[in-house]
Amino acid sequence: MTGTNGRAHENLTFILDGEEVPFADGETIYEVSERHQREIPTLCYDPRLDPFGGCRMCIVEVEGARNPVASCTTKAASGMKVKTKGGRLEMHRRVLLEMVASENRTVDVDELSGYASQELGTLVDRYDARTDRFQGRQSGTSHGDDPNPFILRDYENCISCYRCVRVCAEQEGDYAISVMNRGFATQITTEFNGLLKDSACTFCGQCVQTCPTGALADLKALANADVPGTTEKTRTICTYCGVGCSIDILTRDDEIVGVLPAMDGPANNGALCIKGQYAYDFVGHRDRLTTPFVKGEDGQLRPSTWDEALDRAAEGLGKVVEEHGRHSLYAIASGRAPNEAAYVMQKFVRAGLGTNYIDNCSRA
Amino acid sequence: MTGSNEQVIIDRWKDEPAPLLPVLQELHDRDGYLSEEALHAVAVGLRIPIADLFGTVTFYHHFSREPGGLAASRVCTGPVCKMKGADALVAALEGATPMPCSGRCDDPIPVLQGHDTLVGLSADTLESRPSPLPPTALTGVEECVFAHIREPGRASLSGYEKTGGYEGLREALEKTPEDILQVMSDSGLAGRGGAGFPTGVKWKAVADAEGHPKTIVCNADEGEPGCFKDRCLMDYDPHAIVEGMVLAAYATGATRGFIYLRYEYPETERVLDQALAEAHAAGFLGTNILGSDFEFDLYVRRGAGAYICGEETSLLNSLEGKHPFPRNRPPYPVTHGFEDLPTVVNNVETLASVAPIVRRGAEWYKSLGRGEQAGTKVISLSGDVVRPGNYEVPLGFPLLELIQWAGGVPEGRSIQAVTMAGLSGGFLAGDDMDVTLDEPSIRSKGSFLGAGGIMVFDDSRDMIEVSHQAMEFFAHESCGKCFPCRIGTQRLMERLAGKAGPKDLEPWIDEVADLGKTMMETSACGLGVAAPLITNSLLKYFPEQVSDHVKR
Chain L
-5 MTGTNGRAHE NLTFILDGEE VPFADGETIY EVSERHQREI PTLCYDPRLD PFGGCRMCIV
55 EVEGARNPVA SCTTKAASGM KVKTKGGRLE MHRRVLLEMV ASENRTVDVD ELSGYASQEL
115 GTLVDRYDAR TDRFQGRQSG TSHGDDPNPF ILRDYENCIS CYRCVRVCAE QEGDYAISVM
175 NRGFATQITT EFNGLLKDSA CTFCGQCVQT CPTGALADLK ALANADVPGT TEKTRTICTY
235 CGVGCSIDIL TRDDEIVGVL PAMDGPANNG ALCIKGQYAY DFVGHRDRLT TPFVKGEDGQ
295 LRPSTWDEAL DRAAEGLGKV VEEHGRHSLY AIASGRAPNE AAYVMQKFVR AGLGTNYIDN
355 CSRA
Chain A
13 MTGSNEQVII DRWKDEPAPL LPVLQELHDR DGYLSEEALH AVAVGLRIPI ADLFGTVTFY
73 HHFSREPGGL AASRVCTGPV CKMKGADALV AALEGATPMP CSGRCDDPIP VLQGHDTLVG
133 LSADTLESRP SPLPPTALTG VEECVFAHIR EPGRASLSGY EKTGGYEGLR EALEKTPEDI
193 LQVMSDSGLA GRGGAGFPTG VKWKAVADAE GHPKTIVCNA DEGEPGCFKD RCLMDYDPHA
253 IVEGMVLAAY ATGATRGFIY LRYEYPETER VLDQALAEAH AAGFLGTNIL GSDFEFDLYV
313 RRGAGAYICG EETSLLNSLE GKHPFPRNRP PYPVTHGFED LPTVVNNVET LASVAPIVRR
373 GAEWYKSLGR GEQAGTKVIS LSGDVVRPGN YEVPLGFPLL ELIQWAGGVP EGRSIQAVTM
433 AGLSGGFLAG DDMDVTLDEP SIRSKGSFLG AGGIMVFDDS RDMIEVSHQA MEFFAHESCG
493 KCFPCRIGTQ RLMERLAGKA GPKDLEPWID EVADLGKTMM ETSACGLGVA APLITNSLLK
553 YFPEQVSDHV KR
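Protein sequences appear in the order of chains L and A. Numbered according to my numbering, the first sequence spans residues -5 to 358. Numbered according to my numbering, the second sequence spans residues 13 to 564.
Shown next, in the form of structure tokens:
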């Protein structure tokens, strides 16, 4: 649905804020406007998902249309005259923000809540929206009783943008999250409004990272909210498997306080699994091995050097081949290794050990 | 409770078109509610993620998730029934719950018990009785859809055929589909469900669209408070709708059709089932219709209580078993409708007008209207009026004359206001009630005719309370997809209830006006666009009542 469809069309243009701009067939007004740095505000938009048209923040004026249209769901058309700014649009955006702010407990949430968690607060500041206007009932019932250690379900801060529902279906394919009731009683939920562990949730955390209000938040990261120091971001690759998801490690004084998926990661496009998102405790764990060990004469493991350890392994493997033949060995490459390492592994087993008994744990 | 036969139910439906609603209805009937076990079986059987299925079930007002839920009385608390004492009736009936206007404003108060409607003004007078026929036609007015409706036995095939029923279809099959499209286009018939889109243009678009099979959907989800005309047409002239749909299919090349009927009309479903069976047996439906190679299958699907499903794209999502949010448009249903294929969605009254037009010609139909207006419109008139009911009037007929024909307001009272388009058009009051019943006239007053529901309020009514109930309805029915409608209807309702909002008039009006403006200009569908007409018209016609309300 989103994005250019790649077909080259000549001379397709429309007028964007008085400027003639080219576009590709199938592109939305929003997509073209973003390419031209219009900074149209959004709340329900995530470029990875099908446009939804719920928040109406991205409204623009199209000449000839009585009312503003949602730019995320409206395709650009040749000759269209579009205005992305102006008093009427700014007024509606401000009122919409004031409406949304009025249904939530707060718009200020800790930045460790998740990747997109500051979106609402940032827009409220940008439009100078009043958070005390349109007072009335607040929406959403928090699921404070959900005992999972990863995902906070603070629906009192939910604005029903459905990004979590959509990312779960469209990106992760879990269909664990859905929406119950309707209107102001709308509630993000799972099957039979139960706990996440009883649903199809795989705790990949993508709902957390796309949530624009911190209603769904990273509980593990939030536990580090009091760790002193400024947060630094380090781009790296998740070590868990060969997919190579890009992640940004969040640290304060060299202590990991959280992980964010890289939305521009070429392999993952903002997606992670439970391991990449949450299972980073091993990094600083006291039981983590930092040097090879070999067994001494006494049968006890002692710290050693790579040279000694590799010599010992080669000696042992050679002895097995000598005594039992080369087909007595079987090797499994780790799924955590990338393709290149897996290739070298099978080369080593075939050429070095002389057996075809090699497999990969991703398959075995 | 739940036994092994749910698999039998699922297997029977799963290869039928639009299976989810009928499967859920059967399980709801079997157990008296929708259990977790039943939903798990449906999720597996129809391959729907269980979380989505659960969410979708909770969207509908009438699906109960508690044992005994189906059997509990549901009492209509629509605007007219409220005036007639609906709240007392809810209190008097054990276990009863309120339901939004269920389309019996000409004969209140309807109470749904299982799949039967009882009617009465108090618990001890409740009885089962047929829905009312239209009152006597206006003198000097030629009717179209009501021309034969008062004939006894009209609902049966033989009764329908007595005065030319299915003759339109016979004649059409002698002509080309293009001929039929031309007649519809020339007649000036426009959608009678409220949107007023030219029927001929819609049909032509579907006929020209690529993709098969094409579908005809009859929108019988008459959910607008104060509208009860479609019920009357279906109860007393079901074959007119069937014939209209078959003609639509012939003209557009469609091979399947659905009547999407609102949950609150269980008796009507039985009438339609009977009519479909008769029409099928007589060769007006199915394959080789009247010996031709034209085929058309027609199915009834019953909704489950959601006003938004009267919005055509929500309706299509509901039919498809999806969460009934409105779709983003374009694309429109004429190219991307049911299962993303070309689809006509027409209102009951629109379809009932088709056969008479085909038989009697475009010129005849056009001439029924007054002035520039083509054809007729059924007005559902109710509230403080002596003879409420469905009146078929020429488009362009004066509103006050109609009210007078219906006996006016009760003795000793005067008219304070009328609603337009059910509730969606807000109120007209004072000199602005001097309009003719057509879109140009009513739109010039900032309202619209819509589906033609008009509720009359005499000078004894508290317009703040009427407005509050109206906004309560919109808030209850808002689907929750777009922000302005989901939050705006709630905030306006709270302000009309006096529960929240500024205590001074100026900031109160400021908030209400800002909410209304943003809802009207940015909402994703008609519900959020129309709802603030209530508050706008309240501020326009009744500023003193507003002022008193804010201060108290």
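Just so it is clear, CB atoms sit at the ideal spot from N, CA and C, and this is done for glycine as well. Quick caveat, the model's predicted, so the values are computed rather than measured.
Report back the beta-carbon spacing between residue i and residue j to the nearest angstrom; my notes put them in contact at under 8 Å.
i	j	result
Ala252(A)	Val157(A)	7 Å
Ser199(A)	Lys378(A)	6 Å
Gln132(L)	Asn187(L)	Wrong, their Cβ atoms sit about 18 Å apart, outside the cutoff.
Glu375(A)	Thr129(A)	With a Cβ gap of about 41 Å, Glu375(A) and Thr129(A) do not count as contacting.
Val56(L)	Lys75(L)	7 Å
Ala287(A)	Ala167(A)	7 Å
Ala367(A)	Leu259(A)	6 Å
His40(A)	Ala318(A)	About 15 Å separates the two Cβ atoms, so there is no contact after all.
At which residues does the alpha helix (DSSP H) containing residue i begin and terminate?
i	result
Ser170(A)	169 to 173
Val357(A)	Segment 355 to 359 is the beta strand (DSSP E) holding Val357(A); no alpha helix (DSSP H) there.
Thr530(A)	517 to 534
Val102(A)	98 to 104
Met51(L)	Element bounds for Met51(L): n/a, residue is neither H nor E.
Gly441(A)	The question names Gly, yet the displayed sequence has Ala at residue 441(A). From DSSP, Ala441(A) is part of no alpha helix (DSSP H) but of the beta strand (DSSP E) over 439 to 441.
Thr116(L)	113 to 120
Quick one: give me the first and last residue of the beta strand (DSSP E) that residue i is part of.
i	result
Phe186(L)	Run containing Phe186(L): none; DSSP gives neither H nor E here.
Met467(A)	465 to 470
Ile326(L)	325 to 327
Asn402(A)	401 to 406
Ala429(A)	427 to 431
Glu489(A)	From DSSP, Glu489(A) is part of no beta strand (DSSP E) but of the alpha helix (DSSP H) over 475 to 489.
Glu13(L)	13 to 16
Ala211(L)	210 to 212
Is residue i near residue j, with beta carbons less than 8 Å apart?
i	j	result
Cys201(L)	Val161(L)	yes
Leu145(A)	Ile161(A)	yes
Leu146(L)	Ala70(L)	no
Gly401(A)	Ala433(A)	no
Leu435(A)	Glu236(A)	yes
Gly73(L)	Phe8(L)	yes
Glu163(A)	Lys241(A)	no
Tyr403(A)	Leu414(A)	yes
Val405(A)	Leu440(A)	no
Phe71(A)	Pro336(A)	yes
Phe178(L)	Arg498(A)	yes
Tyr274(L)	Gly199(L)	no
Ala418(A)	Val390(A)	no
Ala63(A)	Glu21(L)	no
Kindly identify the DSSP beta-bridge partner or partners of residue i.
i	result
Lys226(A)	Ala266(A)
Ile22(A)	For Ile22(A), which the question treats as bridged, DSSP gives no partner whatsoever.
Arg314(A)	Leu273(A)
Gln125(A)	Asp128(A)
Gln181(L)	Met174(L)
Glu139(A)	Val131(A)
Ile250(L)	Thr245(L)
Cys117(A)	Note: Cys117(A) sits in no beta bridge, so no partner.
Pro110(A)	Val87(A)
Ala163(L)	Ala163(L) pairs with nothing; no bridge assigned.
Three CB pairs or more closer than 8 Å across the region 263 to 283 of chain L and the region 232 to 247 of chain L = Of all C-beta pairs linking the region 263 to 283 of chain L to the region 232 to 247 of chain L, three or more are shorter than 8 Å, placing the two stretches in contact.
Stretch pair the region 167 to 178 of chain A + the region 234 to 252 of chain A: three plus CB contacts closer than 8 Å = The region 167 to 178 of chain A is in contact with the region 234 to 252 of chain A.
Is the region 107 to 115 of chain L close to the region 543 to 559 of chain A, with three or more CB pairs under 8 Å?
-> The region 107 to 115 of chain L vs the region 543 to 559 of chain A: no contact.
Is the number of C-beta pairs between the region 81 to 90 of chain A and the region 111 to 118 of chain A that are closer than 8 Å three or more?
-> Enough Cβ pairs lie closer than 8 Å, so yes.
Can you find at least 3 beta carbon pairs, one from the region 226 to 245 of chain A and one from the region 326 to 339 of chain A, that sit closer than 8 Å?
-> Contact annotation: the region 226 to 245 of chain A touches the region 326 to 339 of chain A, with at least three C-beta pairs closer than 8 Å.
Inspect the CB distances between the region 419 to 434 of chain A and the region 458 to 478 of chain A and report whether three or more fall short of 8 Å.
-> Contact holds: three or more Cβ-Cβ distances are below 8 Å.
Hey, is the region 134 to 149 of chain L in contact with the region 211 to 222 of chain L, meaning 3+ C-beta pairs nearer than 8 Å?
-> The answer is yes - the region 211 to 222 of chain L touches the region 134 to 149 of chain L, with three or more Cβ pairs under 8 Å.
Answer yes if the region 503 to 523 of chain A comes into contact with the region 118 to 137 of chain L, meaning at least three C-beta pairs across the two stretches below 8 Å, and no otherwise.
-> Under the 8 Å Cβ criterion, the region 118 to 137 of chain L counts as touching the region 503 to 523 of chain A, having at least three qualifying pairs.
Are at least three pairs of beta-carbons, each pair with one atom in the region 117 to 127 of chain L and one in the region 148 to 168 of chain L, less than 8 Å apart?
-> They do not touch, by the three-pair rule.
The region 295 to 315 of chain A / the region 29 to 38 of chain A touching (three or more Cβ pairs under 8 Å) = Touching, per the Cβ criterion.
Contact between the region 33 to 52 of chain L and the region 157 to 177 of chain L (3+ Cβ pairs under 8 Å) | At 8 Å Cβ cutoff, the stretches touch.
Any contact of the region 288 to 308 of chain L with the region 316 to 331 of chain L, i.e. 3+ C-beta pairs under 8 Å?
-> Contact fails: fewer than three Cβ-Cβ distances are below 8 Å.
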